[in-house]
Amino acid sequence: MNSKPSLDAVRDLDARCHLNTFGKRLPILAVAGDGCYLIDENGRRYLDLIGGIAVNVLGHGNIALAAALTDQVSHLIHCSNLVYNPWQSELARRLCQATGMDRVFFGNSGAEANEGAIKLARGYHVEQGRPRARVLSATDSFHGRTLATVTATGQPKYNQKFAPLPPGFSYLPFGDEAALTQAMDDDVACLILELIQGESGIHPLSRDYVALARRLCDQTGALLIIDEIQTGMGRTGHFTACQLYNVKPDIMTLAKGLGGGVPIGALLATEQAATGFVPGDHGSTFGGNPLACRAALTVLSEYERLGLVARAQEAGKRFCEALQPTVSTAGPLVEIRGAGLMLGLELASPTTAGGAAAVRDRLLAEDGILINSIGQTTLRLLPPLTISDAEIDLAARAIVGALQK
Ligand SMILES: Cc1ncc(COP(=O)(O)O)c(C=O)c1O
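And the structure:
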């Protein structure tokens, strides 16, 4: 780019040159970032409550991350998995320590981690001498866009068009214990769940449901996969939502915040579940490369230095306390869902304050605040875990104001 870019020129190029997957985007041309703020080409600052969809856990422009990446780029960016690299093994060690899992495989995204998780579960049963193919997931879940993960995603709008879909997948009504009990038998290879559904609008499973899922997996020999791609990395005020729910999965997936913006995903497994892969069963050219692993190692160090997991809990509490006065059966909000800094605000009706998209647009235009809307009635907040008290107070005041219009 030789000259200063303009929103109109970029929008025009986007319309002409991109596959039309994102439709109309928010009218912001992001060129820089500073802490919790995204900055456009004219220097306007937007308070970012989306955080790159739960990715920018350290905010934008974190100095330690920038320094580590600069240093890493000058040493070694990539070397392939044909050789060992010290950043990958150290990251694996630290993630096992943080999650209580035993082994790790690195990929580049959430979908890739979940794709690997489903393969690992089926591979496990083959290695056990009794192949099983069935994969159960929840309605309204979201697990990614590859063919297997979009099939596991329990939302027909995302997968029906791409039929024939891989066979063996079926869907359990979200949170329905009777349906879960009925579906679990010894043909099930795995059950994949988000403990708090993110993409569908922040819907937590009950503790009883999750405990039942663990028990039924133990009884039938099915593997429990917990998709922590959105809930993980301290988002809920615990390093993983599994810690919040006190459940130990057989397989766990992480991505989003793991690299603080550098693409990396992780598939973690217990020693037992890890037997599902033998050499040659799985791989990734870029997965676990030195640059991505160094980013994730730095993210973990910053978590420790700044106490970000505890901070997510405190910050979420502050947000909820500030927004609570707007919650009543009459609205404008009827409910705040979620944990830590993974929050869903439910409007009383699709016409409350003009609907979720109208509230989002108003916050952007009038207050310079970036927030995500889901469907007609839900607002989703996934800000950086570094968000300050002053930024929370400012955002909450603006949200309350926008809801009352
Ligand atoms: C719970 C969950 N799983 C999987 C994914 C897919 O991750 P990615 O977009 O990195 O492939 C997402 C993305 O939003 C997610 O929220």
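Start counting the sequence shown at 20; every next residue gets the next number (this note's numbering).
For glycine and all other residues, C-beta sits at the position ideal for the given N, C-alpha and C.
Over the uninterrupted beta strand (DSSP E) stretch that includes residue i, give me the two end residues.
i    : result
A367 : A367 -> no beta strand (DSSP E), and no H or E assigned at all.
G357 : 352-358
N75  : It is not in any beta strand (DSSP E) - N75 carries neither H nor E in the DSSP assignment.
V123 : 122-126
V50  : 49-53
T272 : 270-273
A292 : Unbroken run through A292: none, as it is neither H nor E.
D59  : 56-59
T393 : Note that residue 393 is Ile in the sequence shown, not Thr. Where I393 is concerned, the enclosing beta strand (DSSP E) stretches over 391-393.
L398 : 397-400
Answer with yes or no whether the minimum CB distance from residue i to chain B is below 8 Å.
i   : result
L84 : Absence of chain B from the displayed structure is noted, only one protein chain being present.
Which value, in whole angstroms, describes the spacing of the CA atoms of residue i and residue j?
i    : j    : result
L166 : L114 : 27 Å
L88  : A314 : 6 Å
A358 : T371 : 24 Å
A415 : A132 : 34 Å
F41  : R233 : 37 Å
G126 : F305 : 7 Å
I245 : Y177 : 21 Å
H79  : G62  : 15 Å
V229 : G194 : 9 Å
A260 : S225 : 12 Å
H222 : A157 : 12 Å
R379 : V92  : 38 Å
E218 : S160 : 7 Å
N265 : L155 : 21 Å
A334 : H162 : 27 Å
K23  : P282 : 27 Å
R112 : S189 : 34 Å
R381 : S392 : 12 Å
I13  : T255 : Residue 13 is absent from the model: the chain starts at 20 and stops at 424.
G279 : V76  : 6 Å
M271 : D53  : 32 Å
L212 : T294 : 21 Å
L352 : Q423 : 10 Å
Q332 : L360 : 7 Å
G284 : R164 : 14 Å
R399 : R141 : 34 Å
Y65  : A409 : 15 Å
Q9   : I355 : Only positions 20 to 424 of the chain appear in this structure, which leaves residue 9 out of reach.
Buried or exposed for residue i, please, with buried defined as at least 16 other CB atoms from any protein chain shown within 10 angstroms of its CB.
i    : result
H257 : buried
D27  : exposed
R324 : exposed
E134 : buried
L17  : Only positions 20 to 424 of the chain appear in this structure, which leaves residue 17 out of reach.
P369 : exposed
C36  : exposed
L32  : exposed
G302 : exposed
N39  : exposed
A241 : buried
R44  : exposed
C209 : buried
R151 : buried
C98  : exposed
P175 : exposed
D269 : buried
D67  : buried
R153 : buried
H144 : buried
P298 : exposed
Could you spell out the range, first to last residue, of the alpha helix (DSSP H) harbouring residue i?
i    : result
F338 : 327-342
D33  : 26-36
D380 : 375-386
G420 : 408-422
T168 : 166-171
R63  : No alpha helix (DSSP H) contains R63, which DSSP labels as neither H nor E.
N178 : 175-178
H94  : 82-94
So does residue i have its beta carbon nearer than 7 Å to some heavy atom of ligand 2?
i    : result
N133 : Ligands present in the displayed structure are limited to ligand 1, and ligand 2 is not among them.
Original post:
Unbroken beta strand (DSSP E) runs of length 3 or more, entirely within the region 180-219: which are they?
Top reply: As far as the region 180-219 is concerned, its whole beta strand (DSSP E) runs of at least 3 residues are 188-191, 207-212.
Subject >> Sequence ranges, beta strand (DSSP E) only - wholly within the region 102-154, length at least 3 >> reply: For the region 102-154, whole beta strand (DSSP E) runs of length 3 or above, ordered along the chain, are 122-126.
Subject >> Length at least 4, wholly inside the region 225-275: the alpha helix (DSSP H) runs in chain order >> reply: Residue ranges of uninterrupted alpha helix (DSSP H) with 4 or more members, entirely inside the region 225-275 and ordered along the chain, are 226-239, 260-264.
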